[in-house]
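Residue numbers (the working numbering): 3 to 538. Think of the CB as a built atom: it goes at the ideal place given N, C-alpha and C, for glycine as much as any other residue. The model shown is predicted, which means the values in this text are computed figures rather than measured ones. Structure record follows, encoded as structure tokens.
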Amino acid sequence: MTTGRRLGRTRHPRRGTLRATGVPIFGLIVALSVTACSKVITTDWWPETGTMPSTADAPLPSTASPPALALPGPRVEYGFTAPAINTPGELIPRLAAMRSDNLAVSARWAELPGSTEFNTTLLGRISSAAHEFVSQQGSVWSPGTDLLPGGVGAPCEPNPATLDFVGPTLTVECTIVNASGPLLAERLVTIERIDRVAIRINREVLYAHTEHGTVADGAALYSESSIRRVINLLTEGLHASGRVPVGTNPFRDVSPDGLRTILADSVLLPDGDVVITSPLQPAPDGTGLRTMPVIVPGRLIEPSLSEFGRAARDAVLSAEPVLMPATLTRVQPVDCGFLPCVALSFDDGPAGGKTERLLDVLGEHRAPATFYLQGGYVASDPGLVDTTARAGHELGNHTWGHPFLTQLTDEEVRSEINATASQIHAASGIWPSSVRPPYGDFDERVAGLAGAPLVIWDVDTKDWATPGIEVVIERAVEWSSRGSIVLMHDTHGSTIDAVADILDGLSTRGFAFATVSGLFGGTLPGAGTVVRHGPG
Ligand code: NI
Numbered sequence: 003m004t005t006g007r008r009l010g011r012t013r014h015p016r017r018g019t020l021r022a023t024g025v026p027i028f029g030l031i032v033a034l035s036v037t038a039c040s041k042v043i044t045t046d047w048w049p050e051t052g053t054m055p056s057t058a059d060a061p062l063p064s065t066a067s068p069p070a071l072a073l074p075g076p077r078v079e080y081g082f083t084a085p086a087i088n089t090p091g092e093l094i095p096r097l098a099a100m101r102s103d104n105l106a107v108s109a110r111w112a113e114l115p116g117s118t119e120f121n122t123t124l125l126g127r128i129s130s131a132a133h134e135f136v137s138q139q140g141s142v143w144s145p146g147t148d149l150l151p152g153g154v155g156a157p158c159e160p161n162p163a164t165l166d167f168v169g170p171t172l173t174v175e176c177t178i179v180n181a182s183g184p185l186l187a188e189r190l191v192t193i194e195r196i197d198r199v200a201i202r203i204n205r206e207v208l209y210a211h212t213e214h215g216t217v218a219d220g221a222a223l224y225s226e227s228s229i230r231r232v233i234n235l236l237t238e239g240l241h242a243s244g245r246v247p248v249g250t251n252p253f254r255d256v257s258p259d260g261l262r263t264i265l266a267d268s269v270l271l272p273d274g275d276v277v278i279t280s281p282l283q284p285a286p287d288g289t290g291l292r293t294m295p296v297i298v299p300g301r302l303i304e305p306s307l308s309e310f311g312r313a314a315r316d317a318v319l320s321a322e323p324v325l326m327p328a329t330l331t332r333v334q335p336v337d338c339g340f341l342p343c344v345a346l347s348f349d350d351g352p353a354g355g356k357t358e359r360l361l362d363v364l365g366e367h368r369a370p371a372t373f374y375l376q377g378g379y380v381a382s383d384p385g386l387v388d389t390t391a392r393a394g395h396e397l398g399n400h401t402w403g404h405p406f407l408t409q410l411t412d413e414e415v416r417s418e419i420n421a422t423a424s425q426i427h428a429a430s431g432i433w434p435s436s437v438r439p440p441y442g443d444f445d446e447r448v449a450g451l452a453g454a455p456l457v458i459w460d461v462d463t464k465d466w467a468t469p470g471i472e473v474v475i476e477r478a479v480e481w482s483s484r485g486s487i488v489l490m491h492d493t494h495g496s497t498i499d500a501v502a503d504i505l506d507g508l509s510t511r512g513f514a515f516a517t518v519s520g521l522f523g524g525t526l527p528g529a530g531t532v533v534r535h536g537p538g
């Protein structure tokens, strides 16, 4: 949709031309917007609320002849859909889905790499909606895989998961409605249905200002004292549509929190206009209740903008390519209690040349992994270990010389593990989180001596035997389940060649990627324990 089309479509009936007076054009536009607005509000329904916004308090010029300029006021645009911006490739697609005999849930959203607050806010909204819905149905959240064709897919892909389900469903769909300069705006539409009929709909736009580090919903575009005024503009648009009788105020009995909830779904358009979707109103074709998207011109919304709103509006008007946060290159942590996770692990490195290539592939997919390092190789390439840690991957201990630990004395076991831990710490400043015994060879004695949990695996690709890239891909993708720990080796070029397809294949099944600690919410079980699989 273009600005020209929108401006040309509807004309405010109460406004005239600029030529009618000698007032400078800019001042007149401001005066017109204020006077026209207050006139409409006063005559139609404003007195019902008892309060007047300060911006509408300007006295009406009693001698002004009717101006002929047709500046549009707030207006309903049926069928308006929030503009989907070509999502910046850097966004991380997320999918959380669950299906049981008595319910289905699918939620898609897109995370902004490096913006922890934005991602946490999104996750909080979606996770609490899903948990609440599932518990209302008497179930407990359990993230599922293999539920959607195409799996995780691209950011904000359409969400077909629950279409064929008769019974209670919850879907969350996202749209990127703005991505300009430091601003990213993501709209979430949450719909609860029973037998395919929507019974509850919640809409919200979340804005991230990456320069200011601010995250806020659509209602925060407006100053607190302007909430009523913006609701009045919304009402003016509904009146102009002819579907809400002039003289009635559909929001008169809505609480301040309720009004904020309505305004949370405010979409800033590229020209600075704002679209607010009203709650259900009678449909134009008499077919029941529909939501009505009301477009409020930027010049009318301007006096109501908060500081955040003005910063957001300026970013939108700049029309510059979106600026991603500086920490873009790091992989992103993920909540494995809400998403089905898999942990890829790579042993026997660092392996100069190959590990760098692996880090590139993982970085492109924003997928974290865990590296079980050998002390001897760490000593010869400490810089590569540091790079691995800085990229957001987890470092683990794979001993110094790769012995069968059960065949060593206590002293030798401790020496293998401690020397390697010190070397990893010297290279990266990080103590390894866990120990992986070479060959998976351990016993109770070794586990007791390790000083950290032993992390084994449940999916062995046997990539070291070079069975062929396709075989490695198939084993990693097909044998994984929720919480799996996959064993591979970055010392083999053919393994590195397989990783992109493994990541894509697991994403298609609906998995997210985590470090081994990530599987356990960030903290592994304590020293002396043996882990083969994450929770789930
Ligand atoms: Ni090994």
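Taking all protein chains shown into account, do 16 or more other C-beta atoms lie within 10 angstroms of the C-beta of VAL199, making it buried, or fewer, making it exposed?
In the sequence shown, counting from the first residue as 1, residue 199 sits at position 197. Counting Cβ neighbours within 10 Å, VAL199 comes out exposed, since fewer than 16 surround it.
Any heavy atom of the ligand NI within a distance shorter than 6 Å of the CB on PRO405?
Position 403 of the sequence shown, counting from 1, holds the residue named residue 405. PRO405 Cβ: outside cutoff for every heavy atom of the ligand NI.
As a quick check of your reading: which residues have a C-beta less than 5 Å from at least one non-hydrogen atom of the ligand NI, in chain order?
Listed along the chain, these residues meet the criterion: ASP349, ASP350, PRO440.
DSSP on GLN283, reduced to helix/strand/coil?
On the sequence shown, residue 283 is found 281 positions in, with the first residue counted as 1. In the structure shown, GLN283 sits in a strand (DSSP, three-state: E or B).
Can you tell me which of GLU92, ALA516, ALA112 puts its alpha carbon nearest to the alpha carbon of PRO335?
Along the sequence shown, read from residue 1 onward, the residue named residue 335 stands at position 333. Cα-wise, what sits closest to PRO335 is ALA516.
Give a yes or no on whether the C-beta atoms belonging to VAL532 and LEU456 are separated by under 7 Å.
To locate residue 532, count along the sequence shown from 1; it is residue 530. To locate residue 456, count along the sequence shown from 1; it is residue 454. Taking 7 Å as the Cβ cut-off, VAL532 and LEU456 qualify as a contacting pair.
Given a threshold of 16 other Cβ atoms within 10 Å of its Cβ, counted over all protein chains shown, does ALA187 qualify as buried or as exposed?
Within the sequence shown, the letter at position 185 stands for residue 187. It is buried - the Cβ of ALA187 has at least 16 other Cβ atoms within 10 Å.
Put HIS395 into one of helix, strand or coil per three-state DSSP.
In the sequence shown, the residue the question calls residue 395 occupies position 393. Reduced to three states, the DSSP call for HIS395 is coil.
In whole angstroms, give me the CA-to-CA distance for ARG254 and GLY260.
Taking the first residue of the sequence shown as position 1, residue 254 is located at position 252. Taking the first residue of the sequence shown as position 1, residue 260 is located at position 258. Going by the C-alpha atoms only, they are around 11 Å apart.
Is the distance from the Cβ of SER280 to the Cβ of MET294 below 7 Å?
The residue labelled residue 280 in the question sits at position 278 within the sequence shown. The residue labelled residue 294 in the question sits at position 292 within the sequence shown. The answer is yes: Cβ separation under 7 Å.
Quick one, are the C-beta atoms of GLY454 and ALA529 less than 7 Å apart?
Position 452 of the sequence shown, counting from 1, holds the residue named residue 454. Position 527 of the sequence shown, counting from 1, holds the residue named residue 529. Checking the sequence, you will find Ala at residue 454 rather than Gly. Cβ distance < 7 Å, so ALA454 and ALA529 count as in contact.
To the nearest angstrom, how far is it from the Cα of THR216 to the Cα of PHE310?
On the sequence shown, position 214 is the one that residue 216 refers to. On the sequence shown, position 308 is the one that residue 310 refers to. Whole-angstrom Cα-Cα distance: 8 Å.
In this structure, does DSSP put HIS211 in helix, strand or coil?
Taking the first residue of the sequence shown as position 1, residue 211 is located at position 209. If DSSP states are grouped into helix, strand and coil, HIS211 belongs with the strands.
Return the CA-CA distance between PRO469 and ILE94, expressed in angstroms with no decimal places.
Stepping through the sequence shown from its first residue, residue 469 is reached at position 467. Stepping through the sequence shown from its first residue, residue 94 is reached at position 92. Each residue's Cα considered, the two are about 32 Å apart.
Per DSSP, what kind of secondary structure is SER64 in: helix, strand or coil?
Taking the sequence shown and counting its residues from 1, one reaches residue 64 at position 62. Any reading at SER64 needs caution, since the residue's pLDDT is 42, under 50, leaving its predicted position unreliable; the model's value is listed next. If DSSP states are grouped into helix, strand and coil, SER64 belongs with coil.
According to the Cβ coordinates, are GLY354 and ASP316 closer than 7 Å?
In the sequence shown, the residue the question calls residue 354 occupies position 352. In the sequence shown, the residue the question calls residue 316 occupies position 314. No. Outside cutoff.
Enumerate in chain order the residues of its own chain whose CB-to-CB distance from TYR379 is below 8 Å, with the five nearest sequence positions on each side excluded.
Counting from 1 along the sequence shown, the entry for residue 379 is found at position 377. Cβ neighbours of TYR379 beyond the five flanking positions: ASP350, GLY351, PRO352, ALA353.
Just the Cα atoms here: how many angstroms apart are PHE373 and LEU149?
Locating residue 373 in the sequence shown gives position 371, counting from the first residue. Locating residue 149 in the sequence shown gives position 147, counting from the first residue. Rounded to whole angstroms, PHE373 to LEU149 spans 30 Å at the Cα level.
Taking three-plus beta-carbon pairs below 8 Å as touching, is the region 413-429 in contact with the region 487-502?
No, the region 413-429 is not in contact with the region 487-502.
In this structure, does DSSP put LEU375 in helix, strand or coil?
Residue numbering aside, residue 375 sits at position 373 when the sequence shown is read from its first letter. Note: LEU375 maps to strand in three-state DSSP.
Excluding the 5 residues preceding and the 5 following GLN283 in the sequence, name in chain order all residues of the same chain whose CB lies nearer than 8 Å to its CB.
Against the sequence shown, residue 283 aligns to sequence position 281. These residues qualify, in order along the chain: LEU240, ARG245, VAL246, PRO252, LEU291, ARG292, THR293, MET294.
When DSSP labels each residue in this structure, what does ASN242 get in the three-state scheme?
Mapped onto the sequence shown, residue 242 falls at position 240. Note on identity: in this sequence residue 242 is Ala, with Asn being the wrong assignment. Three-state DSSP puts ALA242 in a helix.
For a test of the three-state rule: what should DSSP assign to PHE515, helix, strand or coil?
Position 513 of the sequence shown, counted from the start, is the residue given in the question as residue 515. Correct three-state label for PHE515: strand.
Could you pull the DSSP bridge partners for ILE193 from this structure?
Translated into positions along the sequence shown, residue 193 becomes position 191. In the DSSP output, where bridge partners are listed per residue, ILE193 has THR173, ILE203.
Can you give me the Cβ contacts of VAL142 inside the same chain, cut-off strictly under 7 Å, excluding the 5 residues immediately before and after it?
For the purposes of this step, residue 142 is taken as the residue at position 140 of the sequence shown. If we look at VAL142 and ignore the five residues flanking it on each side, its Cβ neighbours are VAL136.
Helix, strand or coil, according to DSSP, for PRO95 in the structure here?
For the purposes of this step, residue 95 is taken as residue 93 along the sequence shown, with counting starting at 1. Here PRO95 sits in strand by DSSP.
What does the alpha-carbon distance come out to for the pair LEU505 and ALA514?
Here residue 505 refers to the residue found at position 503 of the sequence shown. Here residue 514 refers to the residue found at position 512 of the sequence shown. Roughly 9 Å separates the two Cα atoms.
Quick check: what's the CA-CA separation for LEU124 versus PRO157?
Along the sequence shown, read from residue 1 onward, the residue named residue 124 stands at position 122. Along the sequence shown, read from residue 1 onward, the residue named residue 157 stands at position 155. Cα to Cα, LEU124 sits roughly 14 Å from PRO157.
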